[in-house]
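Residue numbers (my numbering): 19 to 150. We treat Cβ as the ideally placed atom computed from N, Cα and C, and that holds for glycine. Just below is one structure, and these are the notes that go with it.
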């Protein structure tokens, strides 16, 4: 009887782990990302701000999608370059800074959803008000 109880506990732990993995995977595969008035549809590669479509280059879309995965998280320029360009890039390039400037201009994000520079580190997308 005691052995059966141990098996049930192990099964419950396995089920809990599987549910945790499924939650994590489903979050990573979310097709539409949203931050305040900004939405990105990862399947159709369409960006919308306040309901109007905004034309983004492939790099701009990839960069914005990367930042929107975890609002509030700070990404280094190297992390951003690796995601947007792959591993073949010049570490001295200012491509990230230029791309961020273009995104800011195109999207005209309100202050509460701004792309912030974190001095000496990189960039982050500010969490929209009300997000935990």
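Strand pairing of residue i, partner residues [DSSP]
i	result
residue 142	134
residue 93	141
residue 66	57, 71
residue 99	In DSSP, residue 99 forms no bridge with anything.
CA-to-CA distance, residue j to residue i, given in whole angstroms
i	j	result
residue 117	residue 33	43 Å
residue 88	residue 108	26 Å
residue 76	residue 82	10 Å
residue 96	residue 78	16 Å
residue 122	residue 135	12 Å
residue 57	residue 92	20 Å
residue 50	residue 62	10 Å
residue 102	residue 74	13 Å
residue 110	residue 60	29 Å
residue 145	residue 104	26 Å
residue 119	residue 80	15 Å
residue 66	residue 131	14 Å
CB contact flag (residue i, residue j, <7 Å)
i	j	result
residue 64	residue 124	no
residue 85	residue 143	yes
residue 98	residue 114	yes
residue 54	residue 94	no
Range covered by the alpha helix (DSSP H) that runs through residue i
i	result
residue 78	76 to 87
residue 121	113 to 125
Residue interval of the beta strand (DSSP E) (run including residue i)
i	result
residue 59	56 to 59
Contact with chain C by residue i, beta-carbon distance below 7 Å
i	result
residue 124	You won't find chain C in this structure, because it holds only one protein chain.
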